[in-house]
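Trainee: Could you have a look at this structure, given as structure tokens, before my questions?
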Amino acid sequence: MSAPAPLLRRATVEGLGTAALVAVVVGSGIQATELTHDVATQLLANSLSTVFGLGVLIAFLGPVSGAHFNPTVTLAAWFTGRRTGDGPALRDVAAYLTAQVVGAVGGAVLADAMFGKPLVAFSTHERWAGHLWLAEVVATTGLVWLVFGLARAGRAHLVPPLVAAYIGAAYWFTSSTSFANPAVTIGRAFTDTFAGIAPASVLPFLAAQLLGAAAGLGLVAVCFGRPAASGADVPQAGQQPAAPARSTEESALA
Numbered sequence: 000m001s002a003p004a005p006l007l008r009r010a011t012v013e014g015l016g017t018a019a020l021v022a023v024v025v026g027s028g029i030q031a032t033e034l035t036h037d038v039a040t041q042l043l044a045n046s047l048s049t050v051f052g053l054g055v056l057i058a059f060l061g062p063v064s065g066a067h068f069n070p071t072v073t074l075a076a077w078f079t080g081r082r083t084g085d086g087p088a089l090r091d092v093a094a095y096l097t098a099q100v101v102g103a104v105g106g107a108v109l110a111d112a113m114f115g116k117p118l119v120a121f122s123t124h125e126r127w128a129g130h131l132w133l134a135e136v137v138a139t140t141g142l143v144w145l146v147f148g149l150a151r152a153g154r155a156h157l158v159p160p161l162v163a164a165y166i167g168a169a170y171w172f173t174s175s176t177s178f179a180n181p182a183v184t185i186g187r188a189f190t191d192t193f194a195g196i197a198p199a200s201v202l203p204f205l206a207a208q209l210l211g212a213a214a215g216l217g218l219v220a221v222c223f224g225r226p227a228a229s230g231a232d233v234p235q236a237g238q239q240p241a242a243p244a245r246s247t248e249e250s251a252l253a
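Taking numbering that gives the first Met the number 0, the leading residue of the sequence shown gets 0, the next gets one more, and so forth.
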């Protein structure tokens, strides 16, 4: 494995990628509400934009930072690799999580600025209900199950399209519209628009997402067992394999 990019660069990419993701989610939501009053059409536009944007960002920035853009993915990578040392170190985790949260807030502010909205306006969209929390558990479980399952099965090259497709589907089959990302959840509290979430609703969503991440790792273990090779199920930070037996995309999770 070649040496990964310096931590500062990787953390910067995580922040920029998360900012871009939130800008896509929030910006497309604002655009949709300005173009139509039909809620179904608004959600369709928002979800399609997110699918395309997320797929591009993972494929584009994955070789540098691993394209986590999500604290649950970063924490799951640390947890699965903590015994072997193949996952990110705690120093990397701290840098990634900080960058992801800061980037998410910045992305929400940027989206508001592009559409002439107040730069910082906390959302008034209350999302406080048990069925929404259950939906976040389900959405995050599926995401972590998919990401780490693909890696463990040697199909990491499919992560960009399949993760984007899963999030697009989860927009529609979950009542919460699948936030499935603590950093994005925090960022979306800073915009009082279609994609926003009231600050008071954030903590239960974060708890549900962490619970979902743990459940997702449990499903990976049930379905795939232990990895056949060291680090096979850990999203790496821009490392590329030197061995020709497997393609670069199959050996390093985007």
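Ideal placement from N, C-alpha and C gives every residue a C-beta, glycine not left out.
Note that the coordinates shown come from a computational prediction; the quantities given were computed from them, not determined experimentally.
Using a Cβ-Cβ cutoff of less than 6 Å, which residues in the same chain neighbour P159 once the five nearest sequence positions on both sides are dropped?
Mentor: In the same chain as P159, and ignoring 5 residues on each side of it, the C-beta atoms closer than 6 Å to its own belong to G54, I57, A58 and A253, in chain order.
Trainee: If the criterion is Cβ atoms closer than 9 Å, does the pair A199 and W127 meet it?
Mentor: yes
Trainee: Closest to I166 by C-alpha separation, out of G153, T140 and C222, would be which residue?
Mentor: T140
Trainee: Inspect the beta-carbon positions of G215 and V21 and report whether they are closer than 9 Å.
Mentor: no
Trainee: Which residue wins for smallest C-alpha separation from L209, given the options L149, L142 and R151?
Mentor: L142
Trainee: Excluding the five sequence neighbours on either side, which residues of its own chain have a C-beta within less than 6 Å of the C-beta of L202, listed in chain order?
Mentor: Result list for L202: empty, nothing under 6 Å.
Trainee: Here's a check: name, in chain order, each residue in its chain whose Cβ is nearer than 6 Å to the Cβ of A194, leaving out the five neighbours to either side.
Mentor: V24, V25, G28 and R187
Trainee: To the nearest angstrom, how far is it from the Cα of A150 to the Cα of L157?
Mentor: Using only the alpha carbons, I get a separation of about 9 Å.
Trainee: State the Cα-Cα distance for the pair R81 and A197, rounded to the nearest angstrom.
Mentor: 35 Å
Trainee: When you compare only the Cα positions, how much space is there between Y170 and R8?
Mentor: Answer to the nearest angstrom: the Cα atoms are 31 Å apart.
Trainee: Rounded to whole angstroms, what is the Cα-Cα separation between A88 and W77?
Mentor: 7 Å
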